[in-house]
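Numbering (my numbering), first residue to last: -13 to 892.
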Ligand code: PEP
Ligand code: MG
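As C-alpha cells, this is what we get:
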C-alpha cells in the first residue's frame, strides 16, 4: 500500500519542498521549514494522491490510512506532550488544505479541532485562560458548521441564509446589545452563551447536532478539506487558471498554536519583500489576540508589521517592531533565512503564542510585473540567484504590464465596468468617445484625447485609429482589423464589445439603456477587455533601466530567433528597440493605409478599378516607385537583417473608395463616370472574401501585380547594394495551396530578377523565396511546397480559420459560449491550438524538412507573440517567431524560457 501520510516537526520531516505535487505547497514547505530548524508546530500531511483515492472510494478511509493517521498523530502528541481528546492535556489541531499550486482562499481550513466540553476544562487548566478557550470553541463551531456541515455536504440553505451568516448575525446582535465594538470585548459568559446558541441553530438547520466528539471532528474536518477541492469556488478557480481536476489537494493536520491567548499573542501574514514594488523591505500585517482568518477577513484593520509597512490606513496603529521587538527580530531572522534558502520572495504566515513565534506557512509569493523585475535584478546583484534563474523569474505576461501604462488596479477594484469585450490591444487608456475616424483626427488635432468607437474598423479608419488613445469596437475578434492594427502599434484596444449599441449618425451609443454622447469620457483596460465610464487613475509604465538589463540577460539563453511584423521605417525602428532580429512579416498592403499613403492608395485604387490590362499596367507603372520607396525605407532601417516582404494579400474590394469625394477622384483619373466606379467596385464584392480572390490568387489572375511588387523589392535591394548597404529581402507568397502556384510565382520572380540585375549592372541580388503556410492543404503538401521554396512562414491566423472553419472576423459571437461550455479551452486565435492546428504545423515542418534539410521555418500569425505558442514553436524546431513590435520582449522571454526548460528536461 502506498504511503499516504508524511510527518514533520521537531527539526525533521519526511518530505521536503520538492514534493509540492504530492504534499501540496503548504505541506511541502512546512516540511522544508521544519528541516531548516524553523519553529514549525508539528503535524502531518495526507497526500494529494490520497485525495484522488478518497473520491474514488466514495469518501471513505481504508484501514491502512486510518492507521497511518493515528501513528502520525501519536508522534505529534509526543512532541507536544499533549494528547488528542485528552481531558487533562488536550491537543488541538488545524486541518488545512493545500494544492500543488496556490489557490488563494478557494479551499477550506478548520481550526481548533478537538475542542469540546470534555476537553475544555483541561485546556482552561493548562492555559489558565478561560476567555481564550471559549473564544476558540465559538470559532470552531462557526467554522466547522460552515465548512464541514454545510459546504462539504453541499447543503443549500433552504431559507437563503448560509449558516456562517446566521451565526455571525447572532454574534453581531449580541455585540450590538452589549454595545461592544469588537469581539475581543465579549466576556467568557457571552462566549459560552454564544456557543450554546450556535449549537441550537445548527441542530435546527441541519437536523444533526454539532459533533462534540474529537474523533468525529478530526475525520469530519479532513474529509471537508478534501471535498473543498470540488467546492464551487475551487472548481471555477481551476477553470480560470487551467488547473487539472486530477491534481487534488493535500490535507495538512498540524498542532494548533494560538494567537488569541491575550495581548502577548498575535497572528500575521507577511511578504519577505514588498510584492508591489519589489523593494527589499519586509512587508506585512498582524493582529494582536487573533487567529489567522481575522487578518484577512477585513473586520479589523490589521496593524503594520514595521515602519516600512505603514500607510494612510494603518499608520496610527502600532507595529510589531514596536510592540514585540524581540519577536520581530526573530521573525526578521526567519525572513532572512527563508530568502537565503529559497532564493526567492516568500509569502509567510505566522502566529505568536505568548511571545513565542511559530511559522504556519511559507510559499513563493505572488508579485506584480514591476516587483518581479526589480527583485530578479536585485537578487542577481546580491548573488542570491544566477543569470539563468533570473531569466525565469518573470512570466512573459508580466512583461506586458511593464510595457504599457495601465489602469490602477485599485481604482478598477472600486469601479464596475460598463462593458466588456475581447482584450485586443494591451494597457490602459482614457479618452473622450468619438464615432468616426475623421472626428478622431479632428479632435486629436485640437489637442484632445479620444477613444475611437466603431461598429468595426476598416482600412479607411486607420488615420483615426492612429490619432485615438484607444479603439473600442462592438464587433470583431482577436484577429479583426482593429485588433491587428492596434496590437501592432501597442495601442489599447477592445473589440467585440457586443453590448454597445452604436448610432454613428446620432454620434451616441447605448449600453444597457444608458446613452453616452460624443465627448463623454471612457477608460479602457485593453489587457482585460473592460470599459469604464469616466476617467480612472492610471499608472505610468516608466522606462525602467532594469528592464533593458533583464532583456539582455534573457537573450543570453534564447536560441530561437525573434522578428517583428512591421511595415514602416518607424515600426522597424521600434522593432529594433524591442530586440527584433529581422522582419518576419511586411504586409505590403499596410503601405496603403498609413501616413503619407494618400497618393499610393489613390494609384492602387486606380489600378484595381481599371478594366483592361493596359489600364492596369499604366496604373501599376505609376504605383511602382512608391512600392520601391516604401520597401527600401524599411529595409534601410533593418540594414543587414532579413526583411520578409509579403506580396499583396487582401481581397481587392477592401481598397475600394466608399466616400463620394474619393470616388470622384478615381473616376476622373480613369476618365469614367462615378457610377461606373461604383459599378466596378460592386463587381469586386464577394460573398466569402476570406476564401475568395486574395493572396497569390491575385497574382494568378493579374500576374502584372506580382511582377510590379517583385520589381519594387528587387530594385530596392539593388539600389541598396549599389549604395554599399546590405539588404536581405525575403519574398513571401501568401495564401497558397499548391506548389504549382509557387512555380508560377518563381517564374515571374526569375524573369524580373534577370531584368533588374541587368539594369543595375549587378552580378547578383541576394534574396530568399518562400511561402506562407496558411491553408491546410499547403501544410499537407509541405514536401512539394518545400521543393520550390527557401522558407515557410506559418500564417496561423488563416491556418486557424481554415482548420476550424471559424471566421477570424466573426467568431466573437460564439467564442464566449464555446469557452463557457468548455468545447475549447482557449480562443484559438489567441493561443495556438496545439491539438488540431498543431498537427498541421508538425506535419508541415517535418515533411518540408524531409525534402529540404535547411528549410527555414517561422511563424508570423498573431500567435508569434503568445508565450505558450512561442514555446510550442521552439519545441517544433522553428528558426524564428515573428510578432508585433510591442510583443517582442514577451516572445524573447518565452523563447528563452522554453530553451532553459528544454535544457533542464534533457
Ligand atoms: C496569417 O494568416 O497568419 C497572417 C499572418 O496573415 P494575415 O493575418 O495578414 O492574413
Ligand atoms: Mg493570412
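Note that the Cβ used here is the ideal one computed from N, Cα and C, for glycine as well.
Return helix, strand or coil for residue 124, following the three-state DSSP convention. The residue you call residue 124 lines up with position 138 of the chain shown. Here residue 124 sits in helix by DSSP.
Practice prompt. Check each residue's C-beta against every heavy atom of ligand 2 and list, in chain order, those closer than 5 Å.
Written response: 760, 781, 784
Does the Cβ of residue 635 lie closer than 7 Å to at least one heavy atom of ligand 1?
Sequence index remark: in the chain shown, residue 635 carries index 649 (1-based). Residue 635: yes, Cβ under 7 Å from ligand 1.
- Item | Same chain, Cβ closer than 6 Å to residue 628, five either side skipped, listed in chain order | As a first step, residue 628 is located in the chain shown; it is residue number 642 there, counting from the start. Here the set comprises 568, 714, 716.
Task: Residues bridged to residue 365 [DSSP beta-bridge criterion] - done: Residue mapping note: residue 365 aligns to position 379 of the chain shown, counting from 1. According to DSSP, which records beta bridges pairwise, residue 365 is partnered with nothing at all.
**Asked** What residue range is occupied by the uninterrupted alpha helix (DSSP H) comprising residue 237?
**Response** Indexing the chain shown from 1 puts residue 237 at position 251. Counting along the chain, no alpha helix (DSSP H) covers residue 237; the unbroken beta strand (DSSP E) around it starts and ends at 235 to 241.
Top-ranked residue by Cα proximity to residue 232, from 263, 249, 490, 38
Along the chain shown, one-based indexing puts residue 232 at 246. Among 263, 249, 490, 38, the Cα nearest to that of residue 232 belongs to 38.
Pick out the complete alpha helix (DSSP H) segments inside the segment 686 to 737, 4 residues or longer, and give them in chain order. 689 to 708
Name the DSSP beta bridge partners of residue 272, please? Position 286 of the chain shown holds residue 272. 254, 289, per the DSSP bridge assignment.
Which value, in whole angstroms, describes the spacing of the CA atoms of residue 815 and residue 826?
-> For the purposes of this step, residue 815 is identified with residue 829 of the chain shown, where counting begins at 1. For the purposes of this step, residue 826 is identified with residue 840 of the chain shown, where counting begins at 1. Each residue's alpha carbon lies about 15 Å from the other.
Just list the beta strand (DSSP E) runs in the segment 634 to 670, keeping only unbroken ones of 3 residues or longer that don't cross its boundaries, in chain order.
none
Starting from the C-beta of residue 699, find all residues in its chain whose C-beta is less than 7 Å away, skip the five residues before and the five after it, and write them out in chain order.
-> In the chain shown, counting from the first residue as 1, residue 699 sits at position 713. For residue 699, where only same-chain residues beyond five positions count, the Cβ hits under 7 Å are 617, 631, 715, 717.
For the beta strand (DSSP E) that residue 487 lies in, which residues bound it at each end? Numbered from its first residue, the chain shown carries residue 487 at position 501. For residue 487, the enclosing beta strand (DSSP E) covers residues 486 to 489.
* For residue 893, which residues does DSSP report across the bridge? -> Lying before the first or after the last residue shown, residue 893 is absent from the chain, which here runs from -13 to 892.
Note to self: What does the Cβ neighbour count give for residue 302, buried or exposed, with the cut at 16 atoms within 10 Å?
What the structure shows: Here residue 302 is taken as the residue at index 316 of the chain shown, counted from 1. Result: exposed.
Check your understanding: Once you ignore the five residues that flank residue 612 on each side, which residues in its own chain have a CB closer than 8 Å to its CB?
Key -> Here residue 612 refers to the residue found at position 626 when the chain shown is read from its first residue. The residues are 577, 585, 586, 589.
query: Taking buried to mean at least 16 other C-beta atoms within 10 Å of its own C-beta, is residue 528 buried or exposed?
result: The residue you call residue 528 lines up with position 542 of the chain shown. Note on residue 528: pLDDT 49, under 50, position unreliable in the model; no value is reported.
*Please work out which residues of its chain come closer than 6 Å, Cβ to Cβ, to residue 520, disregarding the five sequence neighbours upstream and downstream, and give them in chain order.*
Within the chain shown, residue 520 is the residue found at index 534, counting from 1. So the qualifying residues of the chain are 507.
For the pair the segment 441 to 455 and the segment 420 to 431, tell me if three or more CB-CB distances fall below 8 Å. yes
Subject >> CA nearest to the CA of residue 309, picked from 331, 340, 328 >> reply: Taking the chain shown and counting its residues from 1, the one referred to as residue 309 is at position 323. The residue from 331, 340, 328 with its alpha-carbon nearest to that of residue 309 is 340.
### Task
Less than 8 Å between the CB atoms is what I'm expecting for residue 288 and residue 306, so what's the real figure, rounded?
One-based indexing of the chain shown puts residue 288 at position 302. One-based indexing of the chain shown puts residue 306 at position 320. Not quite, the Cβ-Cβ distance comes to about 10 Å (not below 8 Å), so this is no contact.
* To do: Would you check if the distance between the CB atom of residue 456 and the CB atom of residue 462 is smaller than 8 Å?
  => Here residue 456 refers to the residue found at position 470 of the chain shown. Here residue 462 refers to the residue found at position 476 of the chain shown. Going by C-beta atoms, residue 456 is not nearer than 8 Å to residue 462.
Open item on the list: Judging by CA-CA distance, which residue of 77, 315, 149 is the nearest neighbour of residue 119?
Closed with: Taking the first residue of the chain shown as position 1, residue 119 is located at position 133. Nearest option by C-alpha distance: 77.
Unbroken alpha helix (DSSP H) run spanning residue 438, endpoints: Stepping through the chain shown from its first residue, residue 438 is reached at position 452. Not the alpha helix (DSSP H): residue 438 falls in the beta strand (DSSP E), residues 436 to 440.
- Give the C-beta separation of residue 512 and residue 413 to the nearest angstrom, bearing in mind that I take them to be a contact with Cβ-Cβ under 8 Å. Reading the chain shown from its first residue, position 526 is the one you call residue 512. Reading the chain shown from its first residue, position 427 is the one you call residue 413. Contact holds; Cβ gap of about 6 Å.
ask   = Should residue 847 be counted as a contact of ligand 1 given a C-beta to heavy atom distance under 7 Å?
value = Position 861 of the chain shown, counted from the first residue, corresponds to residue 847. Result yes, Cβ under 7 Å from ligand 1.
| Minimum length 3: unbroken beta strand (DSSP E) runs contained in the segment 285 to 349 | Annotation note: the segment 285 to 349 contains the following uninterrupted beta strand (DSSP E) runs of length 3 or greater, listed N- to C-terminal: 332 to 339.
From this set, 50, 66, 48, which residue's C-alpha is nearest residue 28's C-alpha? Stepping through the chain shown from its first residue, residue 28 is reached at position 42. It is 66 whose Cα lies nearest to the Cα of residue 28.
Nearest-angstrom Cα distance between residue 669 and residue 540?
On the chain shown, position 683 is the one that residue 669 refers to. On the chain shown, position 554 is the one that residue 540 refers to. For residue 669 and residue 540, the distance between alpha carbons rounds to 53 Å.
Comparing C-alpha positions only, which one of 610, 407, 385, 725 sits nearest to residue 876? The residue you call residue 876 lines up with position 890 of the chain shown. Of the candidates 610, 407, 385, 725, the one whose C-alpha sits nearest the C-alpha of residue 876 is 385.
Apart from the five residues on each side of it in sequence, which residues of its chain come closer than 6 Å, Cβ to Cβ, to residue 117? On the chain shown, position 131 is the one that residue 117 refers to. So the list reads 174, once near-sequence residues are dropped.
| said: In this structure, how does DSSP classify residue 826 when only helix, strand and coil are distinguished? | reply: Within the chain shown, the letter at position 840 stands for residue 826. Here residue 826 carries a helix assignment [DSSP, helix/strand/coil].
Exercise for the section: Please state if the CB of residue 603 and the CB of residue 636 are separated by a distance shorter than 8 Å. Expected result: Along the chain shown, read from residue 1 onward, the residue named residue 636 stands at position 650. Along the chain shown, read from residue 1 onward, the residue named residue 603 stands at position 617. Against a cut-off of 8 Å, the Cβ pair of residue 603 and residue 636 comes out as no contact.
Measuring only the C-alpha atoms, how far is residue 245 from residue 79? On the chain shown, position 259 is the one that residue 245 refers to. On the chain shown, position 93 is the one that residue 79 refers to. If I take the Cα positions, the gap works out to 14 Å.
task = Name the residue from 422, 581, 395, 432 whose alpha carbon lies nearest to the alpha carbon of residue 522.
result = As a position in the chain shown, residue 522 is number 536, starting the count at 1. The residue with the shortest Cα to Cα distance from residue 522 is 395.
So who's on the other strand from residue 683, going by DSSP bridges? Start at 1 with the first residue of the chain shown, and residue 683 comes out as number 697. Residue 683 pairs with nothing; no bridge assigned.
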